[in-house]
Amino acid sequence: MGERENDELDRSDTTLVIVTGVSGGGRSTVARALENVGFYVVDNLPQTLMLEMAELAYAAGGPARLTAMVLDVRSRAFSADLTGAVHALKKRGFNPHVVFLDADDDVLIRRFESVRRSHPLQGDGRLADGIAAERKLLEDSRDQADVIIDTSHLNVNQLRRRIEEMFGGEDARRLKVTVLSFGFKYGLPPDADFVLDARFLPNPFWVPELRDLTGRDEAVSGYVLGQHGAVPFVETYSRLIVGTAPGFEREGKRYLTVAVGCTGGKHRSVAIAEELATRLREARVSASAQHRDLGRE
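According to our numbering, the sequence shown is numbered sequentially starting from 3.
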């Protein structure tokens, strides 16, 4: 791209994704997923070089207009002041998107033990000590994030697919909604922006012919959506999300997680999540349904 053509581009036209989060949270998987959708990925970048890297991407234009920077506490130049670094980027005219990857402590411990690696901040202590130290170091980074992805119950393919859905396609600036079903007995999704409770509906678990099916099966979906109040419930939240989506986009929010819960995350929440995602797509909102706890029972 020539200098004259590049001058016509605003710095906000350069899509910058900043990936950070806990060690063992899945940064490598996210980096590969971003490469799959056309991003130039810079791994283990010191925060002090973020602004310089952004300017290089802007000046280069072309494919470099999609640039991801992966931050790692193992870098000696790592700083806890991600807020300051992001502010400097915005002051220069960039519009960075910060993705924070998190996971439960017990999941992180199992991941480190499975590959027989020590935590980068563990020192002479235990794995749990390194995780705790890193969480403290990353507190401000987590608060700064535009989207927090809890990878505790995501496998590599599910995490990759979620990132590709977020950043793939021609319009990466539109609000992307993930409708996530879950089971309350397994805990609330920490990355949820809205939490919907479907437990007011009769549970198909107590219907013998439906017990072994899931909310993806037509028989269960028909049963759930046929209950009094189910369709108005979906319609109400669909109107809410459709009505607020333009405002979220104006304020720079690109990713919204709507969590739908029932007792075990197998029947009611799955059926409602699928129906809500369908209605949002019909209303021209970019939406996908995912199911955190499906198959755990």
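Glycine included, C-beta positions come from ideal geometry on N, C-alpha and C. None of these values were measured; they are calculated from a predicted model.
Per DSSP, D15 is paired with what? Counted from its first residue, the sequence shown places residue 15 at position 13. The partner list for D15 (beta bridge, DSSP) is empty, contrary to what the question assumes.
CA-CA distance, S223 and L182? As a working mapping, residue 223 is identified with position 221 in the sequence shown. As a working mapping, residue 182 is identified with position 180 in the sequence shown. S223 and L182: Cα-Cα distance of roughly 16 Å.
Hey, how far is the Cα of D2 from the Cα of E220? Because the chain spans 3 through 299 in this model, residue 2 falls outside it and cannot be assessed.
Would you list the residues sitting across from Y239 in a DSSP beta bridge? Here residue 239 corresponds to residue number 237 of the sequence shown, with the count starting at 1. Per DSSP, none; premise fails for Y239.
Which term fits E286, buried or exposed, when burial requires 16 or more other beta carbons within 10 angstroms of its beta carbon? Numbered from 1 along the sequence shown, position 284 holds the residue referred to as residue 286. At residue 286 the sequence reads Arg, which differs from the Glu that was named. Here R286 is exposed, its C-beta having fewer than 16 other C-beta atoms within 10 Å.
Let me confirm a value: A291 is counted as buried when at least 16 other C-beta atoms fall within 10 Å, else exposed. Which label applies? By one-based count along the sequence shown, residue 291 stands at place 289. When all chains shown are included, A291 counts as buried.
M55 to G23, Cα distance in whole Å? Here residue 55 refers to the residue found at position 53 when the sequence shown is read from its first residue. Here residue 23 refers to the residue found at position 21 when the sequence shown is read from its first residue. Near 20 Å, if we compare the C-alpha coordinates of G23 and M55.
Could you tell me the alpha carbon to alpha carbon distance between T85 and A62, rounded to whole angstroms? Along the sequence shown, read from residue 1 onward, the residue named residue 85 stands at position 83. Along the sequence shown, read from residue 1 onward, the residue named residue 62 stands at position 60. Spanning the two alpha carbons is a distance of roughly 26 Å.
Smallest Cα separation from A289: which of A59, P48, V260? On the sequence shown, position 287 is the one that residue 289 refers to. For A289, the nearest C-alpha among the options comes from V260.
Option in R218, D74, E37, I243 with minimal Cα separation from E136: Position 134 of the sequence shown, counted from the first residue, corresponds to residue 136. Comparing alpha carbon positions, the residue from R218, D74, E37, I243 closest to E136 is D74.
How big is the Cα-Cα spacing for D145 and D104? Locating residue 145 in the sequence shown gives position 143, where the first residue counts as 1. Locating residue 104 in the sequence shown gives position 102, where the first residue counts as 1. Just so you know, the alpha carbons of D145 and D104 end up roughly 12 Å apart.
Counting only the same chain and skipping the five closest in sequence on each side, list residues whose C-beta sits under 6 Å from that of L58. Position 56 of the sequence shown holds residue 58. For L58, same chain residues with a beta-carbon under 6 Å away, outside a window of 5 residues either side, do not exist.
Could you have a look at H99 and say whether DSSP puts it in helix, strand or coil? One-based indexing of the sequence shown puts residue 99 at position 97. Reduced to three states, the DSSP call for H99 is strand.
Taking C-beta to C-beta, are H121 and S25 nearer than 8 Å? Residue 121 sits at position 119 when you count from the first residue of the sequence shown. Residue 25 sits at position 23 when you count from the first residue of the sequence shown. Cβ atoms of H121 and S25: closer than 8 Å.
With which residues is H230 paired in a DSSP beta bridge? Position 228 of the sequence shown, counted from the start, is the residue given in the question as residue 230. BP columns for H230 are empty, so no partner.
At least 3 beta-carbon pairs within less than 8 Å: the region 195-203 vs the region 224-233: Of all C-beta pairs linking the region 195-203 to the region 224-233, three or more are shorter than 8 Å, placing the two stretches in contact.
R164 beta carbon less than 8 Å from that of E300: It is not possible to answer for residue 300, since the shown part of the chain is limited to 3 through 299.
Tell me whether the region 94-112 and the region 124-134 touch, counting them as touching only if at least three CB pairs, one residue from each stretch, are closer than 8 Å. Contact between the region 94-112 and the region 124-134 is present: three or more C-beta pairs spanning the two stretches fall below 8 Å.
Let's test the definition: count the other Cβ atoms within 10 Å of the Cβ of R78 and tell me whether it reaches 16, buried, or not, exposed. Looking up residue 78 in the sequence shown gives position 76. Low confidence applies here, because R78 scores a pLDDT of 49, under 50, leaving its location unreliable; read the following figure in that light. Around the beta carbon of R78, a 10 Å sphere encloses fewer than 16 other beta carbons of the protein chains shown; the residue is thus reported as exposed.
Ends of the alpha helix (DSSP H) at H89? Walking along the sequence shown from the start, residue 89 turns up at place 87. H89: member of the alpha helix (DSSP H) spanning 84-93, first to last residue.
In terms of alpha-carbon separation, which member of E115, S30, D148 lies closest to K178? To locate residue 178, count along the sequence shown from 1; it is residue 176. Taking only the C-alpha atoms, the option nearest K178 is D148.
Proximity below 8 Å, CB of V197 to CB of T31: Working through the sequence shown from its first residue, we reach residue 197 at position 195. Working through the sequence shown from its first residue, we reach residue 31 at position 29. No, the Cβ-Cβ distance between V197 and T31 is not below 8 Å.
Does DSSP put R78 in a helix, a strand or coil? Translated into the one-based positions of the sequence shown, residue 78 becomes position 76. Bear in mind that the predicted position of R78 carries a pLDDT of just 49, short of 50, making it unreliable; the figure below should be weighed with that in mind. Correct three-state label for R78: coil.
Going by DSSP in three states, K138 sits in which element: helix, strand or coil? Within the sequence shown, the letter at position 136 stands for residue 138. In the structure shown, the three-state DSSP call for K138 is helix.
Do you know offhand how far S271's Cα is from R218's? Start at 1 with the first residue of the sequence shown, and residue 271 comes out as number 269. Start at 1 with the first residue of the sequence shown, and residue 218 comes out as number 216. The alpha-carbon of S271 is positioned some 10 Å away from that of R218.
Could you give the first and the last residue of the continuous alpha helix (DSSP H) run that contains S271? By 1-based counting over the sequence shown, the position of residue 271 is 269. Note, S271: alpha helix (DSSP H), 270-284.
Just to confirm, are T216 and G28 a CB contact at a threshold of 8 Å? By one-based count along the sequence shown, residue 216 stands at place 214. By one-based count along the sequence shown, residue 28 stands at place 26. Result no, Cβ atoms of T216 and G28 do not sit closer than 8 Å.
Could you tell me the distance, in whole angstroms, from the CA atom of P98 to the CA atom of I151? Here residue 98 refers to the residue found at position 96 of the sequence shown. Here residue 151 refers to the residue found at position 149 of the sequence shown. Straight-line measurement puts the Cα of I151 at about 17 Å from the Cα of P98.
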